[in-house]
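S.K.: Each step along the sequence shown adds one to the number in our numbering, with nothing skipped, and position 25 is 1152.
Don't be surprised by glycine CBs; every beta carbon is placed ideally from N, CA and C.
Here the structure is a predicted model, which means the values were calculated and not measured.
Below you will find the structure I want to go over with you.
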Amino acid sequence: MAKIDETTGKLSGLVGPVVLIDGKQGKIVRSKAVSSNHKTEAQLRQCEKMRRASRFLKPLAEVLKQLYVEPVGRSNYQQAALSQTMRQAVDEEGTLVAERVLISRGPLAQPQDMRMEKEGDELALAWTDNSHTGGANADDRLVVVLYNPSCPDVCPYFTDATRSQGSCRLGLGKFKKGDYLVYATFVAAKGKQVSNSCYLGCC
């Protein structure tokens, strides 16, 4: 809002889209500043995607550090995981779809036909041996990650079960009550290679 000095009669302040100020050489007229914080709807949606993805991945930081070993052109595993989750696991409404999240990424073959069944305090897992296919080894070890985002609580099982073994059982007695998301992947017995993870559901 502009003001008139009653003594000098000078006008200063905001007049429509311009601002009147006193400078060293007299009155100066400037355009009204435009806030740099103004974001378009598309930018706001992108910010919401990043917020949802970051919040979901934060408790998984240690797991990602061990299992996201192929950044796929990104500078580090955190950026690679965030990018994948934002692009593939968060929809336009900002809803995160857990089964689309990859908690591991690498060149080994994914688990094939992985099945899961909860039996009392145990989790029974079974899969098809695909060690004869490219990018797979018979002695690849199974890793299962249980994650409850609401706690949050994360428990990775680095098992001795091999790809060729085809099944294993995990104890669940130590877990808190709640729905745990279950992801599975294979890691090479030697070296740091891993497969892309697969989502098995809730237990």
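Give me the residue from K1245, V1321, R1290 with the minimum Cα distance to C1307.
M.R.: The sequence as given places Tyr at residue 1307; Cys does not occur at that position. Closest option to Y1307, Cα to Cα, is K1245.
S.K.: What are the boundary residues of the beta strand (DSSP E) that includes C1174?
M.R.: No beta strand (DSSP E) holds C1174; the alpha helix (DSSP H) holding it covers 1168–1184.
S.K.: Keeping to the same chain, check which residues put their C-beta closer than 6 Å to that of R1242; ignore five residues upstream and five downstream.
M.R.: Counting only Cβ-Cβ distances below 6 Å, and skipping sequence neighbours, we find A1253.
S.K.: What's the call for Q1170, buried or exposed, on a 16-neighbour Cβ count within 10 Å?
M.R.: Under this definition Q1170 is an exposed residue.
S.K.: Per DSSP, what kind of secondary structure is K1192 in: helix, strand or coil?
M.R.: Here K1192 sits in helix by DSSP.
S.K.: With H, G and I counted as helix, E and B as strand and the rest as coil, what does DSSP make of S1258?
M.R.: Three-state result, S1258: coil.
S.K.: Between L1187 and Y1284, how many whole angstroms is the CB-CB distance? I'm expecting something under 8 Å.
M.R.: The pair is not a contact, with the Cβ atoms about 14 Å apart (cut-off 8 Å).
S.K.: Using CA atoms only, rank isn't needed, just tell me which of G1293, D1280, A1311 is closest to Q1237.
M.R.: Measuring from the Cα of Q1237, the nearest candidate turns out to be A1311.
S.K.: Please determine if the region 1258–1268 and the region 1221–1238 are in contact, where contact requires at least 3 C-beta pairs separated by less than 8 Å.
M.R.: The region 1258–1268 is in contact with the region 1221–1238.
S.K.: Excluding sequence positions up to five away, which residues of its chain have a Cβ less than 7 Å from the Cβ of G1300?
M.R.: Here the set comprises D1248.
S.K.: Could you tell me the alpha carbon to alpha carbon distance between S1231 and L1194, rounded to whole angstroms?
M.R.: Their Cα atoms are separated by approximately 5 Å.
S.K.: Measuring alpha carbon to alpha carbon, tell me which of R1227, E1219, H1165, E1220 ends up nearest A1208.
M.R.: Closest option to A1208, Cα to Cα, is R1227.
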